[in-house]
Amino acid sequence: MANDKNESGVLNLQLQKIGRTPGHAVPAVCQKWLCGHSKGATGAYMLNGAVQSLRTGLVPGNRNADNIDPEFQNYEYIVYPSRSIQTAGIKAALLKSFGFGQVGGEVLVVHADYLFATLTQEQLDQYNVKLQQRDVKAGRYWQDTLVGKHSFVQVKSHPPFTPEQEHAVFLDPLARAKYDSASGEYRFQV
């Protein structure tokens, strides 16, 4: 309960600071009731849920939120839906993680339409070509997995750089690994 209060208090202050209107409350999507406390995978769960909501406009309700503590009514910028809400569209989602020892993170995910609106027709066409190529590669990878050519997750046994390259790779923000078709692995050429 204390963490829920603290998290809601911080979000409420943030929304107030950026000028959010109290009558235009932000729905809080709390997934722990469904997914449990997954630790490292929590961010992936949150991002997946946010992307689904951005694509569909659906804000999932918290089925366990049938008796919200009256103290949470003080957070006038947040609503805690117990049922799913179908909206006309969601513009953005804010992923928040409050960890122990004041360790936390926050990610703003903006609907792709806002990115696409900034592109010229030529840039959009180039993007669509790359997207189709990625879809073909992903489909091939999935088919190869189904027929047993390789496992879905290919666990690496070593990093894509040698021990001698390690510092140079970590200190160069422009360092990029390139695919080596001979070995079937990604490698850095430093």
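Just so you know, the sequence shown maps onto residues 3 to 192 in our numbering.
Just so it is clear, CB atoms sit at the ideal spot from N, CA and C, and this is done for glycine as well.
For R57, the uninterrupted alpha helix (DSSP H) segment begins and ends at 44-58. When beta bridges are read from the DSSP output, R142 appears opposite no residue.
Counting the other CB atoms within 10 Å of its CB gives I80 a total of 16 or more, which places it among the buried residues. Its chain contains Y79 as the residues whose beta carbon lies nearer than 7 Å to that of Q18, once the 5 sequence neighbours on both sides are disregarded; these appear in chain order. In the DSSP assignment, A170 falls within the alpha helix (DSSP H) that extends over 168-173. If only uninterrupted alpha helix (DSSP H) runs of at least 4 residues are considered, those enclosed by the segment 107-155 are 114-118, 123-148. The continuous stretches of beta strand (DSSP E) do not include S159, and DSSP gives it neither H nor E. In the structure shown, K180 adopts extended strand secondary structure according to DSSP, grouped into three states. Burial is judged here by how many other beta carbons sit within 10 angstroms of a residue's own beta carbon; A170 has fewer than 16 and is exposed. S10 is the residue among P161, S183, S10 whose C-alpha sits nearest the C-alpha of N76. Look at P72 here: in three-state DSSP terms it is helix. Boundaries of the beta strand (DSSP E) around R189: 187-190.
In summary, F154 is exposed, with fewer than 16 beta-carbon neighbours lying within 10 Å of its beta-carbon over all protein chains present. Shown here for W144: not one same chain residue has a beta carbon closer than 7 Å to its own, the five before and five after excluded.
N69 and P83 have their C-alpha atoms roughly 11 Å apart.
By the neighbour-count criterion, in which 16 or more other beta carbons inside 10 Å mark a residue as buried, V61 falls on the buried side.
Per DSSP, the unbroken beta strand (DSSP E) holding S99 starts and ends at 94-100.
Under the 8 Å Cβ criterion, the segment 157-165 does not count as touching the segment 122-137, having fewer than three qualifying pairs. Taking a 10 Å sphere around the C-beta of A52, we find 16 or more other C-beta atoms and assign the residue as buried.
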